[in-house]
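First residue of the sequence shown: 1, per the UniProt record's numbering; consecutive thereafter. We treat Cβ as the ideally placed atom computed from N, Cα and C, and that holds for glycine. Note that the structure is a prediction, hence the values are computed from the model and not measured. Before any comments, here is the structure.
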Amino acid sequence: MPVLDLSPQINDDLWPAKAFVGEVVPFRATAFREGHDLIGVELVITDPTGTTSVHRMKPLAAGTDRWEAQVLLDVQGEWSWRVRGFADDFETWVHNAELKVPAGVDVELMFTIGAQLLAGAGADKARPLADRRLLSAAAKKLTDVSKTDAARLAVSADPRLHEIIGRHPVASLESHSPQRLIRVERTRAGRGSWYEFFPRSEGARKLPDGSWKSGTFRTAAKRLPAVAAMGFDVLYLPPIHPIGRAFRKGPNNTLDAGPNDPGSPWAIGSAEGGHDAIHPDLGTLADFRYFVGKAREAGLEIALDFALQASPDHPWVTEHPEWFTTLPDGTIAFAENPPKKYQDIYPINFDNDPEGIRQESLRLIRHWIAQGVRIFRVDNPHTKPLDFWEWLIGTVNAENPDIVFLAEAFTRPALLQSLAKVGFQQSYTYFTWRNTKEELEEFLTSLSTETADFLRPNLFVNTPDILTEYLQFGGPAAFTIRAALAATMAPTWGVYSGFELFEAVARPGAEEAIDNEKYEYKPRDFAAAEKSERSLALFIGILNHIRSTHPALGQLRNIRFHGSDDDAVLVFSKHLDGAFTPTGESDSIIVVANVDPHSVRETTVHLDPTAFGLPSDALFEVHDLVTGSVWTWGEHNYVRLDSFTTPVHILHVRPVSATDAASKGIPA
C-alpha cells in the first residue's frame, strides 16, 4: 500500500523538519490502495523520552488521498515519526453491509464476514477485557438468525463499537512509510515579542562643550522595566564591542566623523579589543552581566548581535590578514551592498582559512553564552557560506540546545530559506515591504504553508536600517496598523526603539530614519511622549497582552484569510482547537484591518465560520479586545474602519448558545 509525500520534511529529509515546544504541527501523507476497499492511516510518533503515541489521521479534500493528523509537540528534542497505512477491514465491511443488506444482496455472507471480524477482534488479548466482551457479543448478534435483518445490521451503527475499533482498528495489509525526524526546539525559538534598543543611547547626555556622555549598561538597565511593561520578552542589543576609528561614519552615514561621533556599532574592533570585548563607554564585562541579570529579573531575555565583520582597527586585521580580501592595489575590500558602501567595515573572506574562522567564531559564541546570552541575532548571514552556518549552529546546539539564532537575511528566497534549513531558528522577512491586502495575503499564505516546516518568520515592523515609505507617509495610523498585523499574523514579532514614538522622518534618498541611531546617540523622552499621547506604547502593551492570553496567536500554520468587498480591508482568522489549549476551550481570533492609513473604509466582510470551528451558518459574538465593543456576527458583516481612530479590529470569537440566542432575540 503506497504511503507517500510525507510532511513535514525538508528536501527529502536532508535535514530534520523543525517545530517548537507548544507548536501544533500537521503531519500529512498520501496513502491509497487499489480497488474500492477502505483504508485507515495512522501517525506513529515517538518523543525524545522514548514514549510512542498513535494518532488516527483524517482525510483531507475528497479525492486527494491526502491524510492529516495534528499533534501538539510538547517536549524539546528530536522526535521520530512514520505513517502506517492499512486495509480497514471493519469499516470496509460496514460500508458494504449497509449497501448490500438493505438491497437483499449477499445478506448472510455479509453477516458472516462481519461476525468473523468482530470475533477475531474480541479474541485479541491486547484489548481491554470490557472491549473484548462487547466485540464478542456484537459478533453473536450478527449470527442470530432469530433477529430481523435490520436488527442484525444495527450492529454496524453502534457508536460504542466504532469507538472501540477506532482506538484499535481491525487492520490487515499494513504498510509503513520511512521514518522521519522533527527537531522540537524551545518555545522562544518560535514564539516571542522582541524589542531593540542601543544601550549607549539610554542615559546618554550632551555636555556643554558639545561632546557626549555615553549611556552605559547601568543606565540602560533603568529602561528595562518599561520594555517589560509593554509585554516584550526579548531585548535585542546591537553590537556592544569597541568601535573602530578608521573611516568612522558620521551622522547620517557621512564620511566626515567628528571627534564626538560614536560611529556605527557594526564597525567592530579597535585597540580596546574585538568581538569578545565590551566597548569601554558601556562599562565592563561585570556591568554587562549586571545588565543581563536585571533583564532576567524583568522577564526579558537578552539577544546579542553577532556580526562577523571587522573595522580596519580590529585586532584580526593584523593578526589574521588572511581572513580578509586584499585587492590588486594592496588595499582590503570594504563591505558593500550597492548602492550602500560601508567604508568602516571589512567583510570576512572564508576561503583562505575556513577552519581558523570556524574555531574563532565558535570561541566567541561560547564566550557570550558564558555571560548569560541565549539568543543571537546574526548580521548578514547570507554573505557567509551555508556550510559554515550549518557547522556553527549545529555544533552550538549540540552543546546547548537552548541557543537561538535569528538570521538577518534580506536576500533571495532560495538563500533565505536555505539558511533556515541548515539551522537558523528564526529569520527576518520581507514583511516590512508587504503592505497591500493582496501582498499580505500572498506573503503570509506562503509563510504559513510552503515554508512553515523549517522557516520561522520574525516580523519586525522597523529596524535601524528600515523605515518604509508606508511608515514615512502613513502617519500614526500606519504605525498602529503595522504593529497590529505583525503581532497577530505570526508568533514572533519585533519593534525597534522609536517606533512607538512614530519616528517617521527619513534621511533624504534613503529608506531609513534621519539622524540614524547607528551613527549617533539618540536619547528619547518616552515619558513625555506618553503624557502627550504621542506614543504607541499603551497599544503595543495591549497587543502583547492579547498575544499572551490567546494561544491561537502563538501558532503560524493556522492563519486563514477571508473576504471583503474592499481591496484595502484585510480579514484573517486564527483558530486553535480546545484539545491544544491550556484551558481545553477553543480559541478563535478574527482580525479585520484597514491597510490604507489615509482613509475611512466601510465594507462587508465575508467569513467562513468553519475556519474557527463553527457551522457555516452560525451566529456568534465577537468581542473587540482593544475597544471592548461586542457585536453579533455571522457569515456577512458590515464594518467601518477609521484609520485615525480604529483602523483594526482584533476580535475574540464567542459562540452563542441556543439559550443566549433566545434571550438576545437572535434568530436560531
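The bridge partners DSSP lists for residue 40 are 86.
Straight-line spacing of the CA atoms in residue 418 and residue 455 works out to 9 Å. Proximity of the segment 548-560 to the segment 290-303 falls short of the contact definition, fewer than three beta-carbon pairs being nearer than 8 Å. By the Cβ test, the segment 523-534 is not in contact with the segment 580-596, since fewer than three Cβ pairs between them sit closer than 8 Å.
Boundaries cannot be given for residue 223, as no alpha helix (DSSP H) includes it and DSSP labels it neither H nor E. The segment 382-401 makes no contact with the segment 426-440: fewer than 3 CB pairs, one atom from each, lie closer than 8 Å.
Looking at the DSSP output, residue 621 sits in a beta bridge with 632, 654. Residue range 600-606 is occupied by the beta strand (DSSP E) that includes residue 604. With contacts defined by Cβ atoms closer than 9 Å, residue 32 and residue 5 do not form a contacting pair.
Across the structure, residue 108 and residue 154 are spaced so that their CA atoms are roughly 15 Å apart.
Per the C-alpha coordinates, the member of 599, 652, 308, 609 positioned closest to residue 645 is 599. Looking at the DSSP output, residue 52 sits in a beta bridge with 46. Under the three-state reduction of DSSP output, residue 347 falls in the strand class. Counting along the chain, residue 492 sits inside no alpha helix (DSSP H); it lies in the beta strand (DSSP E) bounded by residues 492-496.
With fewer than 16 other Cβ atoms inside 10 Å of its own Cβ, residue 400 counts as exposed.
C-alpha of residue 611 to C-alpha of residue 58: approximately 17 Å in a straight line. Residue 413 and residue 35 have their C-alpha atoms spaced approximately 42 Å apart. In this structure, the beta-carbon distance from residue 27 to residue 14 does not fall below 9 Å. Rounded to the nearest whole angstrom, the C-alpha separation of residue 640 and residue 415 is 41 Å. Counting C-beta pairs closer than 8 Å gives three or more between the segment 303-316 and the segment 227-239, which meets the contact rule. The continuous alpha helix (DSSP H) containing residue 397 extends over residues 386-399. For residue 366, the uninterrupted alpha helix (DSSP H) segment begins and ends at 354-370. Taking all protein chains in view, the Cβ of residue 579 is surrounded by fewer than 16 other Cβ atoms within 10 Å, so the residue is classified as exposed. Between residue 370 and residue 376, the alpha-carbon positions lie close to 13 Å from each other. Look at residue 278 here: in three-state DSSP terms it is coil, with no helix or strand label. A direct Cα-Cα distance of roughly 34 Å separates residue 207 from residue 541. Nearest to residue 174 by alpha-carbon distance, out of 253, 252, 161, 82, is 82. Straight across, the Cα-Cα distance linking residue 347 with residue 22 is about 39 Å. Secondary structure note for residue 438: it is in no beta strand (DSSP E), and the uninterrupted alpha helix (DSSP H) holding it is 437-445.
Residue 290 places its beta carbon 9 Å or farther from that of residue 228. The beta-carbon distance between residue 606 and residue 636, rounded to whole angstroms, is 6 Å. This is short enough to meet the 8 Å contact definition.
Relative to the Cα of residue 587, the nearest Cα in the group 569, 548, 616, 570 belongs to 548. Exposure of residue 638 is indicated by the presence of fewer than 16 other C-beta atoms within 10 angstroms of its C-beta. Between residue 324 and residue 358, the C-beta spacing is not below 9 Å.
Boundaries of the alpha helix (DSSP H) harbouring residue 107: 107-122, taken from the DSSP string.
Counting only the Cα atoms, residue 538 lies some 36 Å from residue 254.
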